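J.: Got a structure here, written out as structure tokens. Questions coming.
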Amino acid sequence: MVDAVINAWGQIDVLIHAAGIAYEGTILDTTEAQWDETININLKGTYLVNQCVLKHMVERQQGSIVNVASDAGLTGGRNLAAYCASKGGVVLLTKAMALDHAPQGVRINALCPGPVETPMTEGMSDEEMAHWKAMLPIQRFASATEVAEATYFLAHAEYATGSCLSIDDGNTAGGSI
Numbered sequence: 001m002v003d004a005v006i007n008a009w010g011q012i013d014v015l016i017h018a019a020g021i022a023y024e025g026t027i028l029d030t031t032e033a034q035w036d037e038t039i040n041i042n043l044k045g046t047y048l049v050n051q052c053v054l055k056h057m058v059e060r061q062q063g064s065i066v067n068v069a070s071d072a073g074l075t076g077g078r079n080l081a082a083y084c085a086s087k088g089g090v091v092l093l094t095k096a097m098a099l100d101h102a103p104q105g106v107r108i109n110a111l112c113p114g115p116v117e118t119p120m121t122e123g124m125s126d127e128e129m130a131h132w133k134a135m136l137p138i139q140r141f142a143s144a145t146e147v148a149e150a151t152y153f154l155a156h157a158e159y160a161t162g163s164c165l166s167i168d169d170g171n172t173a174g175g176s177i
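All letters in the sequence shown, in the order written, are residues 1 to 177 by this note's numbering.
Here's what the structure looks like:
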């Protein structure tokens with residue numbers, strides 16, 4: 001993938017890495033297969049894609065990476081043990097990479113959205129959706145456009161590295177969910 005982009009465009013200026021799956025369950029409910037799949041997609045996938053792109057950015061001495069984590073990676077959450085662990089890993093991986101590679105001209109940040117209208121939330125029942133929305137101060141999920149705007153900001157904020165921007169309807173401010 002990285003080679004194809006570089007062959008077509010000559011360089012990579014910005015990487016937005018957004019991947020995620022979630023299984024409902026406490027640690028007692030989560031099978032080892034579910035745990036492995038969640039960690040592999042959400043955390044190991046971030047590591048592998050970032051590593052490939054970062055090599056190119058370090059060589060050029062410039063670039064910006066935004067990893068999409070989750071507010072659940074900052075605060076935890078009920079019944080999402082593997083998801084919270086994986087997204088918390090993305091947050092700390094992002095911070096470590098930011099410290100390591102800022103001197104090489106690469107800025108690396110994390111976006112930590114709360115509930116977003118995505119294919120992951122489309123499977124929720126009307127009752128479940130209403131329950132979650134009622135717990136949020138603004139009482140709605142973020143749109144994909146709102147997440148894209150925040151991502152654009154982080155990708156272009158020249159003084160930001162190692163930052164974790166929460167756009168989560170106040171969840172990390174007071175733990176609504």
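Note that CB positions come from ideal geometry on N, CA and C, so glycine has one too. Note that the coordinates shown come from a computational prediction; the quantities given were computed from them, not determined experimentally.
Report the rounded CA-to-CA distance for Ala33 versus Gly105, giving the unit in angstroms.
T.: 38 Å
J.: Tell me where the alpha helix (DSSP H) around Leu99 begins and ends.
T.: Here the alpha helix (DSSP H) through Leu99 covers 81-101.
J.: Excluding the 5 residues flanking Ala19 on each side, which residues of the same chain have their C-beta closer than 6 Å to its C-beta?
T.: Ile41, Gly45
J.: Which residue marks the beginning of the beta strand (DSSP E) containing Pro113, and which one marks its end?
T.: 106-113
J.: If you run the structure through DSSP and keep just helix, strand and coil, what is Leu15?
T.: strand
J.: Between which two residues does the alpha helix (DSSP H) holding Ile138 run?
T.: Where Ile138 is concerned, there is no enclosing alpha helix (DSSP H), given that its DSSP letter is neither H nor E.
J.: Among Ile12, Ala82, Asp168, Cys84, which residue has its Cα nearest to the Cα of Ile65?
T.: Just measuring C-alpha positions, the residue of Ile12, Ala82, Asp168, Cys84 sitting nearest Ile65 is Ile12.
J.: Is Leu48 helix, strand or coil when you go by DSSP?
T.: helix
J.: Taking Thr151 as the reference, give the member of Gly174, Leu165, Lys87 with the closest Cα.
T.: Leu165
J.: By how many angstroms is the C-alpha of Val68 removed from the C-alpha of Ala155?
T.: 12 Å
J.: Is the beta carbon of Leu43 sitting closer than 9 Å to the one on Lys87?
T.: Yes, the pair counts as a contact, with Cβ atoms nearer than the cut-off.
J.: Measuring CA to CA, which of Lys133, Ala81, Gly73, Ala148 is closest to Cys112?
T.: Ranked by Cα distance from Cys112, the first of Lys133, Ala81, Gly73, Ala148 is Gly73.
J.: Taking the straight line between their C-alpha atoms, what separation do you get for Ile108 and Leu92?
T.: Cα to Cα, Ile108 sits roughly 11 Å from Leu92.
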